[in-house]
Every structure is written in structure tokens, then in C-alpha cells.
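The number in my numbering is simply the position in the sequence shown, starting from 1, with 18 added.
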Amino acid sequence: MSKKICCLLLIFIIAFTKVNAQKLTPEEYIALYKDLAIEEMRRMGVPASITLAQGILETENGNSDLVKRSNNHFGIKCKSSWTGETVYHDDDESGECFRSYTDAEDSYRDHSNFLRGNDRYSSLFSLPPTDYKGWAKGLRKAGYATNPKYPEILIRNIERYGLEQYTLDGLKEETEQAVKDKPGTPILVGKTDDKKELLADIELEENISVGNESTGVINGIKYIKAQKGTSLLAIAFANNVDISKLLAYNDLQKDGILTKDQLIFLQKKATACKAYFYIAHHQESLYDISQKNGIQLKFLARYNDLAENSLVSAGTRLKLNPLAKDQSAGAAPDKNKVQVANGKTHAVQPKEGLYTIAKNYQASVQQLRQWNSLTTDSLQIGQQLIVSN
């Protein structure tokens, strides 16, 4: 009997030693997840230093029981809106419900979405990304944690491990290129009541030099030409525009990296254009047409009785102005030439959220929102969603 006890004790000691030998240090945790923190900063605007400092604290450097069981790096509890996987863990009370993730990347994304999508944290995004002390104190004030020393711990982590460098890396990664040529002038044709031809005046109205950048004006609205791979957060920071306003100016739902070269407006777009019509010269999205002409997407869609996620075939005539008349010389868009995004559908299952569904179908959450005209991330079980273009 004593021999059996000794064997069990020996096994326990070996296992305990092995577990302790595998424990991560703060430096190792940082090395593993710094790229995720920088990526999320570019996507949603949460400073990388704050994200890493919270991760270090909430996971005990990646060694906590909760993170090992759930990949939950930020101690985010279920809340009523959570439809994903869950685990139960003792925290302020015993057996509390915590969100569970497939991997660390899911946890980092949900952390950014949680902060960006919650009104009580909205004031934080008006702070400079480099104001880590303001962010740390603001998180505690907004109720992220109950520990009164939460800000002090985050600030100490940032200063001890030099985490501010990752915020700076996120800010300086992308720079704007000077605009040397006029943007291509699309084919725009229409006729007034007296049959005189009217061409849309959307050429570069003026060049304005701002430091090392060039900007232009379309439809009276200032823009810059941004290249693929540019961070919207970097554009907002470089042009002293609040990121939430920049997104609204450009009919965008969330921050991130541009997937193609495009015009980004630094002011609110107009509700109409001087010209009456735009004729598509190749298949274009209604969004791209709204950007080319400096007109708000919702008004362009309204004038033409189209969905905002429409694709427009070559030769389709679109109204740019509510005064445009449905005449043979200036007819409204041919509905037969307009394609609305559709394709596969998916019935929402229990505990499924937009992020999980988007990932399963290799789409983005923004695409799901656009394809299904969603104004909220809340889903109903059995709800049919369009999940492909």
C-alpha cells in the first residue's frame, strides 16, 4: 500500500514540475501575442499596449486556468448578448459564466469588438492611442474591472515591459502615398429638360498639399487616395480625424486594413451631385460609385430604388441627383442590369454569432451585415442569412 502511495506521489511531483516548467513568462506571452495586439489596434483602434497589458494581467501571463480551458485572454463574461461557447469559472462569485473561444485570435478579436461596440467605452476612443494612462483609468471607470488598482497594474505592466513600442509600431506601419495623377474620370452623361448635355463635374477640382500628402476635392468634399494595405486608423490619426467620424464619412462599418486602392473622404459626403447621371462603364458596386462621386451611399441607393449592396452592370444609368427625371434621354437605372448580392443561405444555430458564421463561410462580419441589411449583431435561432456573394 505504501509503495502505491509513493508511486502516486512521485507521479504527482513529476506532473507538478512539468506544469511549472511550461509556465510562460510575461516576455514570452508578449512575444506570442504582440502581433495580434497590433493587428487589432489597426482594425478597431484599441492601443496594442493596453491589449497586451490586459492580457498579461487577466491570464497570469497565459498560465491561468480560465485561459487554458477557454482561450479567454481578457476575462470577458458571457453577458446576455453572447451566443458562443461558454465555460464556468469562479471569479467575483462562484461558477460565473465566461466566454469560450476556439483560439487566442478569436479572443483578441472579440475583446476589440467588445470595447468598440459598447457605449460605455466609447469615450476611450477619443483618446490618443499613446495615452495608455488615460485608457487604463478609463477602463476601470467604465466598469471593465472591479479591482480599484486595475489601472495601476496595467500602467506598471506597460512601463515594465515596454509595451508602448507596440502601439507606436501600429501607428507607423502604414503611411500615405502622395497623389500624383488625377483619379480616372468615369463616363457621366445626362440631359437637362432643354436637352442640353450635362457632364458630371467630378474631376479633381484642386490639389492641396498637406505635408508630404496630396489631397483632392470631389463634389466639394476633401479626400485622399489611399493604397491597398493602409490602415484606416493610421489615416484618421495622420489627418487628425476621429476614427468613428472617418468611418461614417466613408459609409464604413468598422476600422481595418484597406483591401484595395480607394478614395477616403476626410469630410462628410454630399447628399447629391451637380451632375444628374452616372453611367457605369464596367460592373461596379453601388458603394464604389458613391465614393467616385462623393455622394452618401444611402442617398444614392434611395434615388435609384436599389439596395446599398447592389452591383451595377456596365451601361447602367444611375441618378446622382433627386431632380433627375425618368425620361428616355435620361432614364432611371435599368433594373435588369442591377444585381443584388445573394447566394448561399445559412440557418442560425443555437449559440452561433455573426463572427462564427462569417468565419465558417470565409466571409467578414461586415459582409454579412451588408448582405443581410443587419443593423444589430443579435441573431435569432433559425434566422436565414445570406452567407456568400
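Backbone N, C-alpha and C fix where the C-beta goes; we use that ideal spot for every residue, glycine too.
For clarity, every value in this text was computed on a predicted model and none was experimentally measured.
**Asked** With respect to the beta strand (DSSP E) encompassing Leu-403, which residues constitute its N-terminal and C-terminal limits?
**Response** In the DSSP annotation of this structure, the continuous segment of the beta strand (DSSP E) that includes Leu-403 starts and ends at 402-404.
**Minimum C-alpha distance to Arg-335 - residue among Ala-365, Leu-304, Glu-326, Asn-327** = Comparing Cα positions, the closest option is Leu-304.
**Request:** Have a look at Asp-273 and Arg-387 and give me their C-alpha separation to the nearest angstrom.
**Result:** The alpha-carbon atoms of Asp-273 and Arg-387 are separated by roughly 15 Å.
**Request:** Pull up the distance between the alpha-carbon of Ser-140 and that of Leu-133, whole angstroms please.
**Result:** Distance between the alpha carbons of Ser-140 and Leu-133: 8 Å.
**Request:** Compare the C-alpha of Leu-70 against each of Lys-86, Arg-61, Glu-45 and name the closest.
**Result:** Minimum Cα distance to Leu-70 is reached at Glu-45.
**Asked** Leaving out five residues before and five after Pro-147 in sequence, what residues of the same chain have Cβ atoms less than 6 Å from its Cβ?
**Response** The beta carbon of Pro-147 sits closer than 6 Å to the beta carbons of Pro-65, Thr-185 from its chain, once the five residues preceding and following it are set aside; these are given in chain order.
**Asked** Roughly how many whole angstroms lie between the Cα atoms of Leu-181 and Asn-175?
**Response** Each residue's alpha carbon lies about 8 Å from the other.
**Request:** Return the chain-ordered ranges of every alpha helix (DSSP H) run that is complete within the region 262-311 and spans a minimum of 4 residues.
**Result:** Fully enclosed alpha helix (DSSP H) runs of 4 or longer: 304-311.
**Asked** Should Glu-111 be labelled buried (16 or more other beta-carbon atoms within 10 Å of its own) or exposed?
**Response** Answer is exposed; the Cβ neighbour count stays below 16.
**Distance, Gly-113 Cα to Ala-254 Cα** = Ala-254 and Gly-113 have their alpha carbons spaced roughly 43 Å apart.
**Request:** Would you grab the beta carbon distance between Ile-74 and Asp-128 for me? Rounded to a whole angstrom, and I think it's under 8 Å.
**Result:** Contact between Ile-74 and Asp-128 does not hold, since their C-beta atoms are separated by about 18 Å, which reaches or exceeds 8 Å.
**Contact belief for Pro-340 with Ala-290 at Cβ below 8 Å, rounded distance in angstroms** = That belief holds up - the Cβ atoms of Pro-340 and Ala-290 are roughly 6 Å apart, short of 8 Å.
**Item:** Buried or exposed (CB count within 10 angstroms, at least 16 for buried), Trp-389
**Value:** Trp-389 is buried by the Cβ-count criterion.
**Request:** Consult DSSP for Lys-200 and reduce its assignment to one of helix, strand or coil.
**Result:** Unreliable placement is indicated for Lys-200, whose pLDDT of 30 sits below 50; the coordinate value is still reported in the next sentence. When DSSP states are grouped into helix, strand and coil, Lys-200 belongs to the coil group.
**Asked** Where does Asp-395 fall in DSSP's three states?
**Response** In the structure shown, Asp-395 sits in coil (DSSP, three-state: anything other than H, G, I, E or B).
**Message:** On a Cα-Cα basis, can you pick out the residue from Ala-325, Ile-307, Asp-395, Ala-298 that is closest to Ala-332?
**Reply:** Minimum Cα distance to Ala-332 is reached at Ala-298.
**Item:** Distance between His-107 and Ile-399 (C-alpha atoms, nearest Å)
**Value:** Rounded to the nearest angstrom, the two C-alpha atoms are 27 Å apart.
**Request:** Alpha carbon to alpha carbon, how far is Ser-130 from Tyr-150? Give it in angstroms, no decimals.
**Result:** About 16 Å.
**Asked** Can you list, in chain order, the stretches of the beta strand (DSSP E) that have 3 or more residues and sit fully within the region 53-125?
**Response** Segments of the beta strand (DSSP E) lying fully in the region 53-125: 104-107, 114-117.
**Message:** Considering Cα atoms alone, identify which of Ser-125, Glu-170, Lys-155, Gly-188 is closest to Gly-247.
**Reply:** Comparing Cα positions, the closest option is Gly-188.
**Request:** Compute the Euclidean distance between the alpha carbons of Ala-55 and Tyr-126, then round it to the nearest angstrom.
**Result:** Their Cα atoms are separated by approximately 7 Å.
**Request:** Determine, using beta carbons only, whether Gln-285 and Lys-240 come nearer to each other than 8 Å.
**Result:** Contact: yes.
**Prompt:** Under the DSSP definition of a beta bridge, which residues are partnered with Leu-336?
**Reply:** Partner(s): Tyr-296.
**Item:** Tyr-379, enclosing beta strand (DSSP E) - first and last residue
**Value:** Note, Tyr-379: premise wrong, no beta strand (DSSP E); not H, not E.
**Same chain, Cβ closer than 6 Å to Phe-317, neighbours up to 5 away in sequence not counted** = Closer than 6 Å at the Cβ level, and outside the excluded window around Phe-317, lie Thr-289.
**Request:** Assign Ser-331 to one of three DSSP states: helix, strand, or coil.
**Result:** Coil.
**Prompt:** Could you check where the beta strand (DSSP E) with Lys-3 kicks off and where it finishes?
**Reply:** Absent from the model: residue 3. The displayed extent of the chain is 19 to 407, so no value can be given.
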